[in-house]
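Working notes, beginning with the structure itself.
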Amino acid sequence: MQWSCQLSPEIGAHSAALSPSSPAFQESPAQGAQLWGTLSRAQEDLWYQVLWHSWLMLEQFPFGRRLPCDIYWHGVSFHDNDIFSGQVNKFPGMTEMVRKITLSRAVRIMRNLFPEEYNFYPRSWILPDEFQLFAAQVQMVKDGDPSWKPTFIVKPDGGCQGDGIYLIKDPSDIRLAGTLQSRPAVVQEYICKPLLIDKLKFDIRLYVLLKSLDPLEIYIAKDGLSRFCTEPYQEPNSRNLHHVFMHLTNYSLNVHSSNFIHSDNASTGSKRTFSSILCRLSSKGVDIKKVWSDIISLVIKTVIALTPELKVFYQSDIPTGRPGPTCFQILGFDILLMKNLKPMLLEVNANPSMRIEHEHELSPGVFENVPSLVDEEVKVAVIRDTLRLMDPLRKKRESQSQQLEKASVEKEDPLDSELAGVPDTNPEAQLPSICLKQVFPKYAKQFNYLRLVDRMANLFIRFLGIKGTMKLGPTGFRTFIRNCRLSSSSLSMAAVDILYIDITRRWSSMTLDQRDSDLGEQQLSSSKHQRTRPGRRVRLDCPTCHGPVLHRWEPERPLRGHVLGLRSGFRKEVCAWIERCFSPIAIAPDVWMCLQAFIEAFFFLAQRKFKMLPLHEQVASLIDLCEYHLSLLDEKRLVCGRSGTVGGRSPPHLPHQDTCPPPCANGADKFSHPRPTVP
Ligand code: ADP
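Residue numbers (UniProt numbering): 1 to 679.
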């Protein structure tokens with residue numbers, strides 16, 4: 001269904017009587033912010049509830065959108081070529097970023113830098129690439145501690161609803177060999193001691209609003225869902241390893257168990273509100289504030305791990321300086337509480353289910369949809385408040401009402417105005433209080449020191465050159481090295497090229513393997529997701545006319561014969577350009593350096609330059625150095641044409657270069673942050 005509605009300025013003023021056919025709606029269609037969406041059948045009920053609770057007005061457009069809108073609500077992904085303004089409810093690249101492998105990689109980078117801060121995600125290995133590493137590391141721990149009897153959970157990349165997941169006790173498990181040949185997957189340490197309620201394992205689904213990427217703004221819903229297993233939990237052993245109703249908390253699986261209890265009561269049944277769980281824990285003396293604070297911390301740190309690559313996607317889809325929408329997104333965080341109440345991240349969902357009804361079997365094979373009050377309670381509030389926060393007119397109304405309030409305070413006693421019946425100027429006053437709690441930038445001070453990769457991503461993006469790409473070419477990498485003054489007698493430009501080729505090739509082969517197994521053929525035609533395999537058609541953007549150039553990627557054969565459909569004037573030039581791209585290092589643009597490869601190269605350079613320090617200090621020192629040289633360059637460009645030299649900016653305090661002595665207090669001070677706690 002395609003639909004549109006208006007975020008009414010009378011929001012909260014009981015304008016429920018307004019309907020699409022109401023004269024008020026037709027007479028003043030431009031009064032409120034316009035919202036546009038495409039919905040699947042599954043989401044319709046939810047939206048009718050949201051509209052009802054928010055007093056929004058709805059109009060359906062069976063033949064598509066007519067005018068630009070303020071908010072666009074897409075069912076699945078960001079892509080819609082037709083949006084040049086407003087706000088879209090999806091970030092480009094989010095679906096890719098929260099896949100199991102990508103998320104594991106992003107968290108791992110952060111764990112390398114900050115091992116203690118990022119221990120909320122089970123140790124994971126990526127299959128098939130890291131199978132040997134997985135087997136070797138498990139063996140090593142077992143050798144050191146023969147009493148260690150671990151369990152591992154294997155999860156196919158891109159899977160959902162428990163699909164294809166299984167438990168193993170040892171890397172040599174025969175089915176793992178099957179996994180190695182089929183879909184890429186993540187194998188993860190299984191959390192054997194979850195917190196149980198009524199002897200059942202459960203997980204928590206929390207809704208998080210990423211309101212903006214730059215500046216980073218995160219909100220967490222005050223309530224979530226707890227999804228219960230339907231078979232009493234036992235620690236995994238060879239007899240119960242296959243009991244999905246005991247080990248997997250997915251609603252989609254457990255709903256098929258005869259033990260599943262649908263309940264309208266938020267604190268009983270197989271799906272409950274998270275607040276009901278907290279109430280119960282609180283009655284047993286658990287420090288609920290600490291649990292919440294740990295969860296908030298987990299959410300902020302996870303988002304911090306995801307933002308660098310999201311920024312790369314963002315600038316590629318919505319280049320700065322060109323018209324485009326801004327983005328926001330509701331994410332579903334799946335969290336498991338351990339027996340000691342420590343929250344562990346299981347996964348992040350880019351498209352969390354927003355169904356508010358469940359199927360009830362009336363008679364064998366005959367189903368009806370029944371409202372689920374628990375889902376309704378949590379999800380309607382999340383969507384309603386997301387709209388309230390994203391409403392572009394909200395700020396205007398807020399500042400207007402603040403001004404009015406200020407004026408009335410200046411004029412007379414507030415009590416007088418109350419007595420005189422001055423209406424509440426805030427139109428939202430009559431709506432329930434916002435269920436979404438801002439956690440970032442509110443707690444930015446405690447977490448900003450973790451945002452090193454974000455700063456690396458800013459450097460990466462700066463050197464991407466042509467907007468719209470996501471990979472750094474060899475020339476861009478060289479420019480980065482030169483502009484940041486990282487080459488020296490001990491790091492020649494030839495060594496820089498070798499570093500580039502080495503790391504880029506390794507990352508390309510890893511990401512190609514992954515994509516090969518699960519990307520549909522249709523993505524071949526997408527310029528953003530090309531695969532470069534011998535014989536495959538590759539699309540490049542011509543440097544002269546910026547039009548698409550198709551050719552077959554045949555590394556062994558000359559490229560010239562494969563350039564298709566070009567006017568002869570351009571052909572020579574483009575052939576020369578393609579050969580320049582390929583021949584020195586034989587790497588095609590779509591397998592140029594990705595952000596992760598850049599990060600690896602950056603780590604290497606940082607370790608080389610600032611020896612003897614913990615990794616995060618080495619990396620931070622190198623970032624400081626790069627940012628310093630780039631700011632000098634920017635200043636130079638600014639004063640270009642004017643006389644005079646660049647003003648007295650002093651270099652960052654870099655006490656640890658090359659052969660410098662062991663870390664001194666200055667370097668350490670900067671990073672000796674107290675462990676963040678959220679009030
Ligand atoms: P999916 O996307 O297929 O739902 P999840 O990563 O959410 O995959 O895993 C499915 C279920 O498996 C989770 O809801 C949880 O109950 C269980 N699970 C996943 N990872 C672990 C883990 N490391 N330890 C214990 N249980 C886990």
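Ideal Cβ placement from N, Cα and C applies to all residues, glycine included. Because the structure is a prediction, the values reported are computed rather than measured.
Residue i classed as buried or exposed, judged by whether at least 16 other C-beta atoms fall within 10 angstroms
i	result
valine 291	buried
glutamine 596	buried
asparagine 89	buried
phenylalanine 333	buried
aspartate 634	exposed
proline 308	buried
threonine 268	exposed
aspartate 70	buried
histidine 256	exposed
proline 23	Low confidence applies here, because proline 23 scores a pLDDT of 33, under 50, leaving its location unreliable; read the following figure in that light. Exposed.
asparagine 265	exposed
methionine 140	exposed
phenylalanine 604	exposed
cysteine 366	The displayed chain sequence assigns valine, not cysteine, to residue 366. It is exposed - the Cβ of valine 366 has fewer than 16 other Cβ atoms within 10 Å.
cysteine 229	buried
proline 184	buried
arginine 506	exposed
alanine 495	exposed
glutamine 132	exposed
alanine 106	buried
leucine 209	buried
residue 685	Since the displayed the chain opens at 1 and closes at 679, residue 685 lies outside it and no answer follows.
leucine 486	buried
Residue i: first and last residue of the uninterrupted beta strand (DSSP E) it sits in
i	result
lysine 201	200–212
leucine 225	225–228
serine 297	It is not in any beta strand (DSSP E) - serine 297 instead sits in the alpha helix (DSSP H) that spans 288–317.
lysine 155	152–156
cysteine 437	The identity of residue 437 in the sequence shown is lysine, whereas the question assumes cysteine. Per DSSP, lysine 437 belongs to the beta strand (DSSP E) from 436–440.
leucine 167	166–168
Where the alpha helix (DSSP H) through residue i begins and ends
i	result
tryptophan 592	Unbroken run through tryptophan 592: none, as it is neither H nor E.
arginine 272	Note, arginine 272: premise wrong, no alpha helix (DSSP H); beta strand (DSSP E) at 271–273.
glutamine 618	615–639
valine 107	100–113
serine 252	251–254
isoleucine 461	452–462
histidine 247	244–247
glutamate 96	94–97
glutamine 446	444–447
Proximity test, residue i beta-carbon vs ligand 2 heavy atom, cut-off 6 angstroms
i	result
asparagine 119	The model depicted lacks ligand 2 and carries ligand 1 instead.
Beta bridge counterpart(s) of residue i as assigned by DSSP
i	result
cysteine 327	Val88
isoleucine 197	Leu200
leucine 472	Met593
alanine 136	Answer is none; alanine 136 lacks a bridge partner.
valine 186	Ile126 and Lys155
isoleucine 191	Answer by DSSP bridge pairing: none, since isoleucine 191 is not bridged.
alanine 221	Leu436
serine 488	Leu491
Check: Which whole runs of the alpha helix (DSSP H) in the region 331–398 are 4 residues long or more, in chain order?
Finding: 373–390
Next item on the list: Please confirm if the region 358–366 is in contact with the region 204–215, defined as three or more CB-CB distances below 8 angstroms between the two stretches.
Entry: no
Next item on the list: Count the CB pairs spanning the region 286–302 and the region 111–123 that are closer than 8 angstroms, and state whether there are at least three.
Entry: yes
Check: If you pair each beta-carbon of the region 368–387 with each one of the region 236–244, do three or more pairs fall below 8 angstroms?
Finding: no
Notebook entry, point to check: Below 8 angstroms, can you find three or more Cβ-Cβ pairs linking the region 450–461 to the region 245–261?
Noted result: no
Next item on the list: Count the C-beta pairs between the region 485–501 and the region 336–351 that are closer than 8 angstroms, then say yes if the count reaches three, no if not.
Entry: no
Check: Looking at C-beta atoms only, is the number of pairs between the region 469–478 and the region 143–153 that lie closer than 8 angstroms three or more?
Finding: no
Item checked: Touching by the beta-carbon criterion (3+ pairs, under 8 angstroms), the region 268–275 and the region 222–234 -> yes
Item checked: Touching by the beta-carbon criterion (3+ pairs, under 8 angstroms), the region 92–111 and the region 309–320 -> yes
Next item on the list: Spell out a yes or no on whether the region 621–634 and the region 335–342 are touching, meaning 3 or more CB-CB pairs, one atom from each, closer than 8 angstroms.
Entry: no
Checklist line | Cβ pair count under 8 angstroms reaching 3, the region 106–117 against the region 149–167 | finding: no
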